[in-house]
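Written out below as structure tokens is the structure these notes cover.
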Amino acid sequence: MAKKGNKGKKAAAPATAPSSPVKRSTAKSSSYPTTPVATAKATASSPLASDIPDEVHATEDTSFQHVAPKIERRLSSRPDAHDLDQANIIHTLNMAPQIQASAKLLARQLNASSVSHQLEKRRSLGEMADQGLVVDSTKIAPTLQAKSEALKRQLTADRLHKQINRRPSLKAMSEQGLLEEGNVAPSLVATAKRLERTMIENQVGHLLETRPDIHDVVSQHICPEPPQVANAIQGAMHSLERNLKADQLARKLRTRRSFDDLFAARAAKPRANSTEDNAVRRARYTLALKAASRIAADKLITVAEKGRLKDLILLDDRRVVAAIANYEADKDVEEMLDSLYRIAKDKVRA
1 MAKKGNKGKK AAAPATAPSS PVKRSTAKSS SYPTTPVATA KATASSPLAS DIPDEVHATE
61 DTSFQHVAPK IERRLSSRPD AHDLDQANII HTLNMAPQIQ ASAKLLARQL NASSVSHQLE
121 KRRSLGEMAD QGLVVDSTKI APTLQAKSEA LKRQLTADRL HKQINRRPSL KAMSEQGLLE
181 EGNVAPSLVA TAKRLERTMI ENQVGHLLET RPDIHDVVSQ HICPEPPQVA NAIQGAMHSL
241 ERNLKADQLA RKLRTRRSFD DLFAARAAKP RANSTEDNAV RRARYTLALK AASRIAADKL
301 ITVAEKGRLK DLILLDDRRV VAAIANYEAD KDVEEMLDSL YRIAKDKVRA
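When the letters of the sequence shown are read in order and numbered with full-length UniProt numbering, they come out as residues 1 to 350.
What follows is the structure, encoded as structure tokens:
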């Protein structure tokens with residue numbers, strides 16, 4: 001019984017045992033870890049914290065000397081306000097906040113209108129196909145489009161080869177002045193061009209210095225005499241001269257004899273009866289024409305006067321016939337030339 005009593009005392013002892021003051025003073029919080037802390041000593045397989053090297057514990061250096069360069073690099077590479085505005089990250093800075101939403105809406109509407117206008121103005125598929133920008137699938141079956149493109153490329157290549165074969169050679173282009181001759185070093189091409197231009201300028205200047213004046217050119221009938229009128233009325237003067245010449249020609253055509261009259265006059269004119277007379281006439285014509293050419297060569301008469309003198313010689317003008325007859329009588333060449341010169345200058349009787 002004593003033993004049972006002792007056992008009862010021992011069983012009741014835990015219920016009456018006093019609590020620890022430490023446990024009583026510290027209450028367990030909700031964040032307190034519930035995992036039991038190992039109180040056993042570390043074995044050889046689990047290293048101690050003191051055995052881990054310092055490199056494993058990566059600690060960030062937060063000193064000013066280490067952080068300042070990073071901040072400076074990031075500040076230098078950050079976008080400015082304009083880029084942020086273009087990227088729609090921030091709103092426009094030069095606009096009141098009350099109207100920024102309306103401005104964004106208006107800009108969006110303007111962009112939509114611009115895109116709609118551009119879509120209305122764009123070319124149709126047919127126009128782009130005619131210009132060769134796209135392939136018109138409505139004319140060619142899809143299974144034949146690849147072969148059609150290959151055929152077009154082949155035709156273009158053949159046409160190009162034909163044009164290349166027909167192009168002129170370098171020699172021909174050099175002769176035509178389209179290509180510079182290759183007998184000059186590239187470093188001397190500019191100098192050669194300047195030298196050639198200088199030579200041409202000198203030649204043109206020499207020709208201009210030695211050219212005859214206007215009076216000599218007019219006297220030689222190379223160019224007409226410059227008009228003594230103002231430039232503003234030269235066109236009207238030339239038109240008037242043409243009209244006068246046309247009226248004179250029309251008047252002469254109206255007064256010319258008919259074919260029947262010419263045929264009758266020719267029939268009534270006595271003809272040479274012998275070959276000797278024809279030979280004499282040809283000799284006189286030759287002599288008179290040579291004399292007229294000599295007078296013109298000496299620049300004593302103009303081209304028009306020479307032509308008029310030849311017409312008088314061939315028409316058997318009585319003055320020309322008399323001059324030739326006098327030459328045949330006394331053989332005085334100077335007298336004959338003087339007579340023909342006077343006949344050529346006699347515009348009234350001509």
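Each residue gets a CB set at the ideal place from its N, CA and C atoms; glycine is no exception.
Taken through DSSP and simplified to helix, strand or coil, H82 comes out as helix. Taking C223 as the centre and dropping the five residues before and after it, the same chain places the C-beta of V217 closer than 7 Å to its C-beta, in chain order. Secondary structure at N88: coil, using DSSP grouped into helix, strand and coil. Boundaries of the alpha helix (DSSP H) around V67: 64–77. Take the alpha-carbon of L207 and the one of Q234: they are about 29 Å apart. DSSP places L315 outside both helix and strand once states are collapsed to three, so it counts as coil. DSSP places I200 inside the alpha helix (DSSP H), whose first and last residues are 189–210. Distance between A112 and M95, taken at the CA atoms: about 22 Å. Rounded to the nearest whole angstrom, the CA to CA distance from E196 to Q176 is 16 Å. In its chain, beyond the 5 residues on either side, S148 have a beta carbon closer than 7 Å to the beta carbon of I140. Beyond the five residues adjoining it in sequence on each side, E225 comes within less than 7 Å, by CB distance, of V218 in the same chain, given in chain order. Inter-segment contact for the region 339–348 and the region 309–324 is present: three or more beta-carbon pairs are separated by less than 8 Å. Contact between R281 and I324 is absent: CB atoms are separated by about 10 Å, not below the 8 Å threshold. Restricted to the region 207–251, the alpha helix (DSSP H) segments that are unbroken, complete and at least 4 residues in length are 214–219, listed in chain order.
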